[in-house]
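Chain order of the listed sequences is A, B, C and D. Quick note on numbering: the first sequence equals residues 1 to 143 in the numbering used here. Quick note on numbering: the second sequence equals residues 1 to 143 in the numbering used here. Quick note on numbering: the third sequence equals residues 1 to 143 in the numbering used here. Quick note on numbering: the fourth sequence equals residues 1 to 143 in the numbering used here. Where a beta carbon is used, it is the ideal one built from N, C-alpha and C, also for glycine. Structure first, commentary second.
4 protein chains.
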Amino acid sequence: MTAPPPPIVPHVQDSFVRQSMMRTIEATLLAAADGICVIRAPIGPGMRQQHGAGHAGLAFTLGDTAAGYAALSLLPPEREVMTAEIKINLLAPAIGDWLEARGEVIRAGRRLIVIRADVWALNGDQRKGIALMQGTMIPVDPA
Amino acid sequence: MTAPPPPIVPHVQDSFVRQSMMRTIEATLLAAADGICVIRAPIGPGMRQQHGAGHAGLAFTLGDTAAGYAALSLLPPEREVMTAEIKINLLAPAIGDWLEARGEVIRAGRRLIVIRADVWALNGDQRKGIALMQGTMIPVDPA
Amino acid sequence: MTAPPPPIVPHVQDSFVRQSMMRTIEATLLAAADGICVIRAPIGPGMRQQHGAGHAGLAFTLGDTAAGYAALSLLPPEREVMTAEIKINLLAPAIGDWLEARGEVIRAGRRLIVIRADVWALNGDQRKGIALMQGTMIPVDPA
Amino acid sequence: MTAPPPPIVPHVQDSFVRQSMMRTIEATLLAAADGICVIRAPIGPGMRQQHGAGHAGLAFTLGDTAAGYAALSLLPPEREVMTAEIKINLLAPAIGDWLEARGEVIRAGRRLIVIRADVWALNGDQRKGIALMQGTMIPVDPA
């Protein structure tokens, strides 16, 4: 017997597949429920900075998206979230095969949802923290 | 007579073309000298969030890169810079044809270079501020 | 003839005097109108870090308050604002007689007010930038 | 038998008592070792915002100081640290008797020390998270 896959809230999955950026970076939604979301993407050949490490923009994109869907996983299906602001501290170059981001809701208020995210580089069977993020999502009504 | 194009420091240009991410997002380096850098990229079909606006990750990627090259434009050719941290506040959805980011050095110390960046969406002949960034670059020796 | 003093919106003045922290740091409200606010306080003997420069907490307190009242100056008298988040980059030690903070509204939305603030140390007739801030205020109804 | 008090690295204690701001806010250093530091201060009558809650500047001052001494606890006695930048997200009003801040080193590099801090309000026997901080300290040589 194997463990069941982590749960993914359906309206997060629906939103994820509508983001063309997620296809461009070949991201996979691994989990999204109960205020936590995990997303993974390859450090592909078109995603690099000048020394061949993954671009900070890739780490940000994954972390921001994981944090946003961590927030959305707590909201009813008809709501949306937007990023109000995020701060990223880069800890190490993004060297490896994959980046994995884990977003987490710290406090879900009616108007502001405070989030954190961690981003790791996966290099073979090693896992190294490469970025730390802290920010604010806001619930919005769909356009 | 037309105005000369804005100057681009050669070692910034060299570094820019080595970033595969800049090709992926089809970015153009418009200016990089004296602590200021301007970069532009289309809000392409593969760069969108779930409602069709430009992804926050695209705005971040442009702003981070413009800020980094603003810093590098002040350093001698043999140095490099890395992003230590940046914070982004999103002001409005990135709707339009292009995003343009302008990075600027606020204080260039020996160890830390404090930067700001602004990002605009260009929609026809309109220009709207969509993101504000503030952060820190660090000078490094090449690997 | 001398220039008139800068304007101060009455409900900002009322709120300012109700903050006991402003008395503790001996702050003076110099201007508050049209989305801009200026506050000054001495770098007093009880406001120092371990080397005798002004504490980062003093710079933050002034900048946060100036930014908050810049936001409040745009709202009707019956509203209030709260700080949702702010980021501060410290540029230089706070050495001198006074700190002066200038807060400015960058974008006033219905739900989020994005602000910036600058903090200077005034040393005799010299003025040096010591901190840069960027953050978000939210309009709230009074308790 | 009772548990021993948490350890406090001597050079952190020495630095703490030289900060006049710590006396002004009546702060107590509760622990400082191994990259973690805890500081507590009363939400005194002179430390309030306009509604009587603790001022955001008090929360910042405590969190910044706890984060700085978390970093310093990892360095040899002859070094110092300075705050390069910090971001604070405010989670709830600072209502209660005391604020307690816990700073923690996330990554200690040679040039940059990435930290996080949490701040709680203690109200009778209740403890509520009121702020979340993320930032960068830099090791420096004493002046």
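So what's A:L62 in DSSP terms, helix, strand or just coil? Numbered from 1 along the first sequence, position 62 holds the residue referred to as residue 62 of chain A. Three-state result, A:L62: helix.
Exposed or buried, which one is D:Q50 when buried takes at least 16 other CB atoms within 10 Å? Taking the fourth sequence and counting its residues from 1, one reaches residue 50 of chain D at position 50. Its Cβ being crowded by 16 or more others within 10 Å, D:Q50 is buried.
Which residues in chain B have a C-beta closer than 8 Å to the C-beta of A:A67? List them in chain order. For the purposes of this step, residue 67 of chain A is identified with residue 67 of the first sequence, where counting begins at 1. Under the 8 Å cutoff, chain B gives no residues; its nearest Cβ is about 10 Å from A:A67.
Using only the alpha-carbon positions, how far apart do B:G52 and A:T61 sit? Here residue 52 of chain B is taken as the residue at index 52 of the second sequence, counted from 1. Here residue 61 of chain A is taken as the residue at index 61 of the first sequence, counted from 1. Answer to the nearest angstrom: the Cα atoms are 16 Å apart.
What first and last residue would you give for the beta strand (DSSP E) that runs through D:D118? Within the fourth sequence, the letter at position 118 stands for residue 118 of chain D. Start and end: I113 to N123.
Quick test of your reading: A:L132 and D:I106, contact by CB under 8 Å. State the CB separation rounded to the nearest angstrom. Start at 1 with the first residue of the first sequence, and residue 132 of chain A comes out as number 132. Start at 1 with the first residue of the fourth sequence, and residue 106 of chain D comes out as number 106. So it is a contact: roughly 6 Å between Cβ atoms.
My output table needs one value for C:R150: the three-state DSSP class, helix, strand or coil. The structure shown does not extend to residue 150 of chain C, since chain C is modelled only from 1 to 143, so the question has no answer here.
Cβ shell of B:A27 (< 6 Å), same chain only, five flanking positions each side left out: If you number the second sequence from 1, residue 27 of chain B lands on position 27. I39 and A41.
Any beta carbon of chain D sitting closer than 9 Å to that of A:R127? Locating residue 127 of chain A in the first sequence gives position 127, counting from the first residue. No, its Cβ sits nowhere closer than 9 Å to a Cβ of chain D.
Nearest-angstrom Cα separation, counted from B:P7 out to B:D34: Taking the first residue of the second sequence as position 1, residue 34 of chain B is located at position 34. Taking the first residue of the second sequence as position 1, residue 7 of chain B is located at position 7. Taking the straight line from one Cα to the other gives about 9 Å.
Is B:R110 buried or exposed, if buried means 16 or more other CB atoms sit within 10 Å of its CB? Residue 110 of chain B sits at position 110 when you count from the first residue of the second sequence. Exposed, since its Cβ has fewer than 16 Cβ neighbours within 10 Å.
Between the alpha carbons of A:I36 and A:V12, how many angstroms are there, rounded? What you label residue 36 of chain A is simply residue 36 of the first sequence in a count that begins at 1. What you label residue 12 of chain A is simply residue 12 of the first sequence in a count that begins at 1. Cα atoms of A:I36 and A:V12: separation of roughly 11 Å, rounded to the nearest angstrom.
If we require 4 or more residues per run, which alpha helix (DSSP H) segments fall completely within the stretch 30–101 of chain B? With a minimum length of 4 residues, the continuous alpha helix (DSSP H) runs that stay inside the stretch 30–101 of chain B are 56–72.
Within a Cβ cutoff of 6 Å, which residues of the same chain sit near B:V9, ignoring the five residues on either side of it in sequence? Numbered from 1 along the second sequence, position 9 holds the residue referred to as residue 9 of chain B. So the qualifying residues of the chain are A32, A33 and S73.
Have a look at D:T65, D:E78, D:G44 and D:V81 and flag the residue whose alpha-carbon is nearest the alpha-carbon of D:A117. Residue mapping note: residue 117 of chain D aligns to position 117 of the fourth sequence, counting from 1. When each option's Cα is compared against that of D:A117, the closest is D:T65.
Taking Cβ-Cβ distances shorter than 9 Å, what residues in chain D pair up with B:E85? Position 85 of the second sequence, counted from the first residue, corresponds to residue 85 of chain B. Chain-ordered, the chain D residues with CB closer than 9 Å to the CB of B:E85 read A84, E85, K87, L112, V114, Q134, G135 and T136.
Going by beta carbon distance, what residues of the same chain come within less than 8 Å of A:G63, once the five residues before and after it are set aside? Residue 63 of chain A sits at position 63 when you count from the first residue of the first sequence. Answer for A:G63: I86, I88, A101, G103, A117, D118, V119, A131 and M133, listed in chain order.
Contact defined as beta carbons within less than 8 Å: I believe C:A24 pairs with D:G46. What is the distance between those atoms, to the nearest angstrom? On the third sequence, residue 24 of chain C is found 24 positions in, with the first residue counted as 1. On the fourth sequence, residue 46 of chain D is found 46 positions in, with the first residue counted as 1. A small fix is needed here, since residue 24 of chain C is Thr in this sequence, not Ala. Rounded to whole angstroms, the Cβ separation of C:T24 and D:G46 is 4 Å, and the two are in contact under 8 Å.
Which residues in chain D have a C-beta closer than 9 Å to the C-beta of A:I106? List them in chain order. As a working note, residue 106 of chain A is residue 106 in the first sequence. In chain order: N89, L91, G129 and L132.
I'd like to check one pair, D:E80 with D:P4: are the Cβ atoms closer than 9 Å? Here the question's residue 4 of chain D lines up with position 4 in the fourth sequence. Here the question's residue 80 of chain D lines up with position 80 in the fourth sequence. Going by C-beta atoms, D:P4 is not nearer than 9 Å to D:E80.
Taking B:L90 as the reference, give the member of C:M22, C:G135 and C:S15 with the closest Cα. Start at 1 with the first residue of the second sequence, and residue 90 of chain B comes out as number 90. Minimum Cα distance to B:L90 is reached at C:G135.
Please check if any C-beta of chain B sits within less than 9 Å of the C-beta of A:R102. On the first sequence, residue 102 of chain A is found 102 positions in, with the first residue counted as 1. Chain B, which has no Cβ nearer than 9 Å to the Cβ of A:R102, makes this no.
What residue range is occupied by the uninterrupted alpha helix (DSSP H) comprising D:V17? Along the fourth sequence, one-based indexing puts residue 17 of chain D at 17. Looking at the DSSP string, the run of the alpha helix (DSSP H) that includes D:V17 is P10 to V17.
How should C:V114 be labelled, buried or exposed, when 16 other C-beta atoms within 10 angstroms of its C-beta is the threshold for buried? For the purposes of this step, residue 114 of chain C is identified with residue 114 of the third sequence, where counting begins at 1. Burial call: buried.
Suppose contacts are defined by Cβ-Cβ distances below 9 Å. Is B:A70 in contact with B:G129 by that definition? Position 70 of the second sequence, counting from 1, holds the residue named residue 70 of chain B. Position 129 of the second sequence, counting from 1, holds the residue named residue 129 of chain B. Here B:A70 is not near B:G129, since their CB atoms are 9 Å or more apart.
Is there a C-beta anywhere in chain E that falls below 9 Å from the one on C:Q50? Absent here is chain E; the protein component of the structure consists of chains A, B, C and D.
Taking all protein chains shown into account, do 16 or more other C-beta atoms lie within 10 angstroms of the C-beta of A:G57, making it buried, or fewer, making it exposed? By 1-based counting over the first sequence, the position of residue 57 of chain A is 57. Burial call: buried.
Measuring only the C-alpha atoms, how far is A:A94 from A:D125? Indexing the first sequence from 1 puts residue 94 of chain A at position 94. Indexing the first sequence from 1 puts residue 125 of chain A at position 125. Looking at the two C-alpha atoms, the distance is approximately 15 Å.
Please report the straight-line C-alpha distance between C:Q19 and D:A59, rounded to a whole angstrom. Numbered from 1 along the third sequence, position 19 holds the residue referred to as residue 19 of chain C. Numbered from 1 along the fourth sequence, position 59 holds the residue referred to as residue 59 of chain D. In this structure, the alpha-carbon of C:Q19 lies about 15 Å from that of D:A59.
Identify, in the order they occur along the chain, each residue of the same chain with its Cβ nearer than 7 Å to the Cβ of D:R48, setting aside the five sequence neighbours on each side. Taking the first residue of the fourth sequence as position 1, residue 48 of chain D is located at position 48. Around D:R48: G54 and H55.
Give me, in chain order, the residues of the same chain whose beta-carbon lies closer than 7 Å to that of C:N123; leave out the 5 immediate sequence neighbours on both sides. Along the third sequence, one-based indexing puts residue 123 of chain C at 123. Cβ within range, chain order: I95, G96 and D97.
Please tell me whether B:A56 has its Cβ less than 9 Å away from any Cβ of chain A. The residue given as residue 56 of chain B occupies position 56 in the second sequence. Closer than 9 Å: yes.
At which residues does the beta strand (DSSP E) containing A:P139 begin and terminate? Position 139 of the first sequence holds residue 139 of chain A. In the DSSP annotation of this structure, the continuous segment of the beta strand (DSSP E) that includes A:P139 starts and ends at Q126 to V140.
As assigned by DSSP and simplified to three states, the class of D:G103: Locating residue 103 of chain D in the fourth sequence gives position 103, counting from the first residue. Strand.
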